[in-house]
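Presented below is the structure to which this report refers.
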Amino acid sequence: MSTKHSVTRRGLRLIVRFVKTHPWPFAVSVAGAVLYAAAAVASTVVVGRVTDSLITPAFAEGVTAAAVVGGMVALFLIAALRGTGVVVRRYFASLTEARMQMTLRQGVVDKYLDVPLAYHQAKPTGELLAHSDADVVGMTLMIKALPFSVGVLALVAFALVSLLRVDLYFTAVALLLFPSLAVLNRYYTNRVEEPSTRVQQEIGDVSTVAHESIDGALVVKTLGRERAEVARLAEAADRLRRGRLEVGRLRAFFEPMIDVIPNLGIVALLLVGAWQISRGAVTEGELVQAMMLFTLLGFPMRVVGFLLEEMPRAVVAVERVDRVLGAEEAAEYRAVSSESLPDGPLEIAVEDVTFGYDGTAVLQGLSLKASPGETVAIVGSTGAGKSTINQLLVRLAEPRGGQVRLGGVDLSRLDPEQLRRTVALVFQETFLFAATIRENITLGRDVGDDIVRRAATVAQADRFIRHLPDGYDTAVGERGVTLSGGQRQRVALARALVGSPRVLLLDDATSAVDPVVEGQILDGLRRTNDMTTLIVAHRLSTILLADRVVYVDGGRVCASGTHRELLDVPGYEALVRAYEVAEHEGSRRL
Amino acid sequence: MTAVTHSIPTGDDLDVVPEEGGALDVLRRGLRESPELRAGIAFTLLMAVTTAAGRLIIPILIQQILDRGVTGADGYRPEFVLWSCLVAVVLIAAIAAAGRITYLRLVRAAEAMLYGLRVRAFAHIHELSIADHTDVRRGIFVSRVTSDIEMLAQFAQWGAISWIVNTTIIVGTLGVMAVYSWQLAVLTVLVYFPLIPVLRFLQKRQLAAYDEVRTAVGDTLAEVSESIMGAGVIRAYGLRHRVRTNLHRAVDRQYRAQMRAATFFSLMFSLGDLFGGLVLAAVVGVGVWMGPEWGLEAGTLVAIVFLVNLILSPVQELGEILDQTQTAIASWRKILFLMDQPIEIEEPQAGVCLDPGPVTLDVERVNFSYRSGGTVLHDVDLHIPAGANVAVVGETGSGKTTFAKLLCRLADPTDGRILLNGVDLRDIDRESRRQAVRMVPQDGFLFDTTIAENVRYGREGSSEAAVIGAFARLGLEWWLKRVPAGLGTRVGERGENLSVGERQIVALARAQLADPGLLVLDEATSAVDPETERALSHALHVVAEGRTAVTIAHRLATAEAADLILVFDRGRVVERGSHGQLLSSGGVYSRLYESWLGSTRPGR
Chain A
107 MSTKHSVTRR GLRLIVRFVK THPWPFAVSV AGAVLYAAAA VASTVVVGRV
157 TDSLITPAFA EGVTAAAVVG GMVALFLIAA LRGTGVVVRR YFASLTEARM
207 QMTLRQGVVD KYLDVPLAYH QAKPTGELLA HSDADVVGMT LMIKALPFSV
257 GVLALVAFAL VSLLRVDLYF TAVALLLFPS LAVLNRYYTN RVEEPSTRVQ
307 QEIGDVSTVA HESIDGALVV KTLGRERAEV ARLAEAADRL RRGRLEVGRL
357 RAFFEPMIDV IPNLGIVALL LVGAWQISRG AVTEGELVQA MMLFTLLGFP
407 MRVVGFLLEE MPRAVVAVER VDRVLGAEEA AEYRAVSSES LPDGPLEIAV
457 EDVTFGYDGT AVLQGLSLKA SPGETVAIVG STGAGKSTIN QLLVRLAEPR
507 GGQVRLGGVD LSRLDPEQLR RTVALVFQET FLFAATIREN ITLGRDVGDD
557 IVRRAATVAQ ADRFIRHLPD GYDTAVGERG VTLSGGQRQR VALARALVGS
607 PRVLLLDDAT SAVDPVVEGQ ILDGLRRTND MTTLIVAHRL STILLADRVV
657 YVDGGRVCAS GTHRELLDVP GYEALVRAYE VAEHEGSRRL
Chain B
14 MTAVTHSIPT GDDLDVVPEE GGALDVLRRG LRESPELRAG IAFTLLMAVT
64 TAAGRLIIPI LIQQILDRGV TGADGYRPEF VLWSCLVAVV LIAAIAAAGR
114 ITYLRLVRAA EAMLYGLRVR AFAHIHELSI ADHTDVRRGI FVSRVTSDIE
164 MLAQFAQWGA ISWIVNTTII VGTLGVMAVY SWQLAVLTVL VYFPLIPVLR
214 FLQKRQLAAY DEVRTAVGDT LAEVSESIMG AGVIRAYGLR HRVRTNLHRA
264 VDRQYRAQMR AATFFSLMFS LGDLFGGLVL AAVVGVGVWM GPEWGLEAGT
314 LVAIVFLVNL ILSPVQELGE ILDQTQTAIA SWRKILFLMD QPIEIEEPQA
364 GVCLDPGPVT LDVERVNFSY RSGGTVLHDV DLHIPAGANV AVVGETGSGK
414 TTFAKLLCRL ADPTDGRILL NGVDLRDIDR ESRRQAVRMV PQDGFLFDTT
464 IAENVRYGRE GSSEAAVIGA FARLGLEWWL KRVPAGLGTR VGERGENLSV
514 GERQIVALAR AQLADPGLLV LDEATSAVDP ETERALSHAL HVVAEGRTAV
564 TIAHRLATAE AADLILVFDR GRVVERGSHG QLLSSGGVYS RLYESWLGST
614 RPGR
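Line by line, the protein sequences give chains A and B.
For reference, each letter of the first sequence is one residue, going 107 to 696 in our numbering.
For reference, each letter of the second sequence is one residue, going 14 to 617 in our numbering.
As structure tokens, then:
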């Protein structure tokens, strides 16, 4: 997709973005890194001085106690300074990283709340979760190495300066040494990038096979495919093993080399140094100082390598995160003008609406009306666009053409808050939050217990809820009880009713409820006359309860009237018969 | 939008691994379980020690040159310097080669071991009785063969090598130091020693802090996933602001936890520098003051200073990998504990083979209870003639699913026996049993491949015509035309590209292709669209023809059509007979039927 060069460039751009977002912790961290570099180089100077003014004389003419104590204090203080540099660098680098992660995470989750529902429907949950977690981490992983890398540059600069002050020949040795380390690092990072990316992929493959196979253990057993499954995992694991070996071979070359180079440098220093000392050009202490400096340099050089290693990953992650952050918000949240609704039950008017998902037309000029207080059943085969009608009415989807009106007001001009208070949609697939039943019904709305009870009673949920261990305070979901599909649907219905909506949309919302109970629910709903109700239905019993039936096919309304009237419409008749037969053949569950 | 059906977490015993024995016990057992790691270990260790010892070349060289080449009694001796440097270069190269060999051998052994352990653990999981495969455990199993092994892999890549090399360096350095001056070596150990308790203290706090981070990450993920899965409800009910507040709170908590961990993390790394400075100051101070008396020379003391420096980074590195080691050992312990889980289903050595055709089924006083306690089946006693179609009905938890699993030997009865054509199920050959008994589980799990492949799993090596034939026999050919690429359609992970009903269609075709003598069917409870429903009803009927079939019925129609209905209640068969017989007896079944009749008269 991109060349090596542009990865580096995009990586640098990312670094600039980090620095701009959280400049202070980053700056302090860099200061810590520079302090460390300065103290590290200074400590070699101290050791050199100690050698000359303490160690050498101690074995010749002798030293004073004060000089010994002074040397000891200097050695300790300079080490303490180095340690301080480490603490400051690490802590503030972590701070930069954690703050950056927080900023990005908030941005991503905010966006998830602001995008249209279609965005969620188009992407698997796992992928969206990965953007908020793994991608954010992947993007910020190199932050920790960043101040250290700056510190390494400082270290190299300080080291060269300190060497220049000692001896030109020593400097020459260093100038040969440092670039070769850098080249070696660069070479290694380049070579290892491809296989280590592959290894990451292969880890994922192994995990996919394990997940699938263990999830399907029952089927694996009943089919007697255990051996085939083990072979499948073994193959993936073997690919991973070979990938890791490849990375290992590269590292087996690199690791010893990174030790060899400074060591060879020290040998060269000794060779030159012995000669220089004999000429009186340098002291023993200065030679010691230079050698100490060389031993310091092996590890920090790796940090730069680490930074470069992380860069491609970060660049890929930032692209994914940015794609989320750049997603367009739902139209509704951009609304400016707002009109208010008239009082009382509301008329629903869908006028010549077209709608589609990338290329496939779902609604093609659909028009539908429901009078205030009316109960209308929507009937149509799978994929006819029934659910879409409901979604349009709560603005989970926006029409491509035509208008959707509530009580005469175009939805796009209606205050979103008022829309939520007025219209309640109950989905077929019930989503319950990991909270108590009461919280799942109130959803944070300020309603009294009596209202909750009343809504639950109409939804035929009150009785079973009261039989739960903690009644309305029973927790559901991850850490609570498991409810049956029918029970979940009834809780969801109570959730809709508790807000006393003036328009109720049931999207096959009682499909898992026993028909007897369903009849009781619909009876209760009819008694509350101030509500306009749209029901998407599959069951004949449900259809019969509606004032009027609308038959939808091919994205249009084909016919409308009472059930009896519609029986003359061929498509409708066939469909409802099919429902009936299915019901009799046993969609009734024991 | 997907709904989440959460199961009740039951704090699983497999996750509570007994902490018997220390890290060394785990290591010993682990080595026993993994012969790959033992092969050639002696030579690898020898090379590792050589590599580590090689690090001592430089300080020794420094001492030699300073004391004997420059400041010695003979003054500057260029030839001696040149020769020692040459020897050093040769040694450095040799040591680098030894390092490469060590590293390669370790990586190769470690990867072979990880591969072997992973595959063996995975095979073990599949051999465990299905009673062990609970919802909670499924997650545990997956993490044993993925994240736990990866934890070991990470350790193998850095930690293990680091331990060997660094301990050798520390011991070797102290040894050389002791040769130069045992007093200074002792001093070094004494001053360094307090580093260990301080490090351990910080480490404990740090581990606890990391635990908090993990919990916080989990909480954030749970909040985010709720906001994704509940996207529809959140929008339809205007809950954005509320959810946003919760999300931000979780993200903020995670940030705070991360920073708490970072505090310890930063402190720990400065300790090495601090203690290094202390040791250096002590060694130089004492060395300078007492050195001449102890007969040291200047070059020797300088070499000791370099040696002190040489220990610094290994000590620090060991401190770093200590917690990595702990997690790796914990993971290893967990994997070994998994391998200890007994395999309860033992296949017979020379099993009996069953003849093809419908199977006679006898169940004799069968009891079953899970290891965790709780008897699920009590004295179930039955005779089912060959070719009979049996419907099993009962409430959730009545034991009917367990009964079905016993028939397929997914678990063995705790008491009593199950006979197929008069032969104890436990004595029947594995392959023959699989030919004769087939189960169609409820969840309709499919493998991530094509429809054709998924059906072919029913009978390996079947032709495409046979696969299509299975669909045709069940009256489902029309459905094949409806799916995008027909038989070649990929079903996606767990079959998720297909609807619940469609997955059942594939599972039924697979059972039809397998043509077993005993078919055990677990009907799905979830509702499907009317068209598919009708097709499924018909297919279920056909697939049971010509064989013995035991169906866990959720459709009344299935029960009505059965030759024999068994009503399960709290682990016992409380009623048995045909539909007509059970209705006239006025028991549990007739009450179920009454409620059904009442509900088919629509409306009022």
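Beta carbons are placed, not taken as given, at the ideal position from N, Cα and C, and that holds for glycine.
So residue i packs on residue j, CB below 8 Å; how close in whole Å?
| i | j | result |
| --- | --- | --- |
| A:V619 | A:L538 | With a Cβ gap of about 15 Å, A:V619 and A:L538 do not count as contacting. |
| B:V230 | B:Q267 | 6 Å |
| A:V656 | A:L452 | Going by Cβ atoms, the distance from A:V656 to A:L452 rounds to 17 Å, so no, they are not a contact pair. |
| A:V421 | A:R116 | 5 Å |
| A:L351 | B:E124 | 6 Å |
| B:L489 | B:A548 | 6 Å |
| B:Q525 | B:V556 | 5 Å |
| A:L498 | B:I247 | Not quite, the Cβ-Cβ distance comes to about 18 Å (not below 8 Å), so this is no contact. |
| B:D394 | B:L432 | Going by Cβ atoms, the distance from B:D394 to B:L432 rounds to 12 Å, so no, they are not a contact pair. |
Which of the three DSSP states, helix, strand or coil, is assigned to residue i?
| i | result |
| --- | --- |
| A:A565 | coil |
| A:V619 | coil |
| B:N380 | strand |
| B:G616 | Note that B:G616 scores 35 on pLDDT, short of 50, meaning its location in the model is unreliable and no value can be drawn from it. |
| B:S691 | Because residue 691 of chain B is not part of the residues shown, which for chain B are 14 to 617, the question remains open. |
| B:M14 | For B:M14, the predicted model reports a pLDDT of 31, less than 50, meaning its position is unreliable and no value from the coordinates is stated. |
| A:D216 | helix |
Using a 10 Å radius around the Cβ and a threshold of 16 neighbouring Cβ atoms, would you call residue i buried or exposed?
| i | result |
| --- | --- |
| B:K286 | At residue 286 of chain B the sequence reads Asp, which differs from the Lys that was named. By the neighbour-count rule (16 or more Cβ atoms within 10 Å), B:D286 is buried. |
| A:E445 | exposed |
| A:L696 | Only weak support exists for where A:L696 lies, its pLDDT of 48 falling under 50; the coordinates are left without a value. |
| A:S112 | exposed |
| A:A437 | exposed |
| A:T328 | buried |
| B:I441 | buried |
| A:Y463 | exposed |
| B:S160 | exposed |
| B:R45 | exposed |
| B:E546 | buried |
| B:W96 | exposed |
| B:F214 | exposed |
| A:A680 | exposed |
| B:H254 | exposed |
Alpha helix (DSSP H) runs contained entirely in the region 301-367 of chain A, provided each spans 4 or more residues: You should have 323-329.
Those runs of the beta strand (DSSP E) which lie wholly inside the region 348-378 of chain B and span at least 3 residues: As far as the region 348-378 of chain B is concerned, it has no whole beta strand (DSSP E) run of at least 3 residues.
Near-chain A residues of the region 35-53 of chain B (beta-carbon distance less than 7 Å), N- to C-terminal order: Residues: none.
Residues within the region 226-248 of chain B neighbouring chain A, beta-carbon criterion of under 9 Å: Near chain A, meaning a CB-to-CB distance below 9 Å, the residues of the region 226-248 of chain B are V230, T233, L234, A235, E236, V237, S238, E239, S240, I241, M242, G243, A244, G245, V246, I247 and R248.
Chain-ordered residues of the region 305-318 of chain A with a beta carbon less than 7 Å from chain B: Cβ contacts with chain B: I309, V312, S313, A316, H317 and E318.
Chain A contacts from the region 281-296 of chain B (Cβ-Cβ distance under 7 Å): Of all residues in the region 281-296 of chain B, F282, S283, D286, L287, G289, G290, L291, L293 and A294 have a Cβ within less than 7 Å of some Cβ in chain A.
Positions along the region 341-358 of chain A whose CB lies within less than 9 Å of some CB in chain B: So the close ones are A343, D344, L346, R347, R348, R350, L351, V353, G354, R355, R357 and A358.
Chain B contacts made by the region 149-170 of chain A, where a contact means CB separation under 7 Å: The residues in question are V153, V156, T157, L160, I161, T162, A164, F165 and V169.
Runs of alpha helix (DSSP H) wholly within the region 382-453 of chain B (minimum 4 residues, chain order): For the region 382-453 of chain B, whole alpha helix (DSSP H) runs of length 4 or above, ordered along the chain, are 413-420 and 443-449.
Unbroken stretches of the alpha helix (DSSP H), 4 residues or longer, contained in the region 202-283 of chain B: Taking only runs of at least 4 residues, the alpha helix (DSSP H) segments lying wholly in the region 202-283 of chain B are 208-242 and 244-249.
Alpha helix (DSSP H) runs contained entirely in the region 470-539 of chain A, provided each spans 4 or more residues: 492-499 and 522-528, all fully within the region 470-539 of chain A.
Chain A contacts made by the region 414-429 of chain B, where a contact means CB separation under 7 Å: Shown in chain order are the members of the region 414-429 of chain B whose Cβ falls below 7 Å from a Cβ of chain A: C421 and L423.
Chain B contacts made by the region 208-224 of chain A, where a contact means CB separation under 9 Å: Contact residues of the region 208-224 of chain A toward chain B are M208, R211, Q212, V214, V215, D216, Y218, L219, D220, V221, P222 and L223 (C-beta to C-beta distance below 9 Å).
Contact list for the region 132-155 of chain B against chain E, Cβ threshold 8 Å: Looking for chain E here will not work: the only protein chains present are A and B.
Within the region 284-308 of chain B, ranges of the alpha helix (DSSP H) (whole runs, at least 4 residues): Complete alpha helix (DSSP H) runs here, min 4: none at all.
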